[in-house]
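Counted the way my numbering counts, the sequence shown spans residues 17 to 87. The structure appears right after this line, and notes come after that.
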Amino acid sequence: MGSLPIRTDAETGQHAWNATLRLAGRHNLTLYGAAYLELAKRRGIPLATLDRELRAAAAAEGMVLLGMVAD
């Protein structure tokens, strides 16, 4: 069985108390959700989530979204 290419982001800690908290407050997100949003935004990569609130926050930030929301 193969392994996933999991990498850590060395810069996340530098952004946790700044950009992440601002995103959480601005979009009423959990810190977990805001951290996911901040990482994707900072790296310029599409956000893959089915969470409606996180999708709405990403759209408000002008980010590209992947996935579909089930109704």
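Beta carbons are placed, not taken as given, at the ideal position from N, Cα and C, and that holds for glycine. Given the structure is predicted, the values throughout are model-derived calculations rather than measurements.
Linking E69 to A76 through their CA atoms gives a straight-line distance of about 11 Å. When the five nearest sequence neighbours on each side are left out, no beta carbon in the same chain lies closer than 8 Å to the beta carbon of R38. A73 and H43 have their C-alpha atoms some 6 Å from each other. Counting other Cβ atoms within 10 Å of its Cβ, R23 stays below 16 and is therefore classed as exposed. Distance check between N34 and each of L20, L55, S19 and L82 places L55 closest, using alpha-carbon atoms only.
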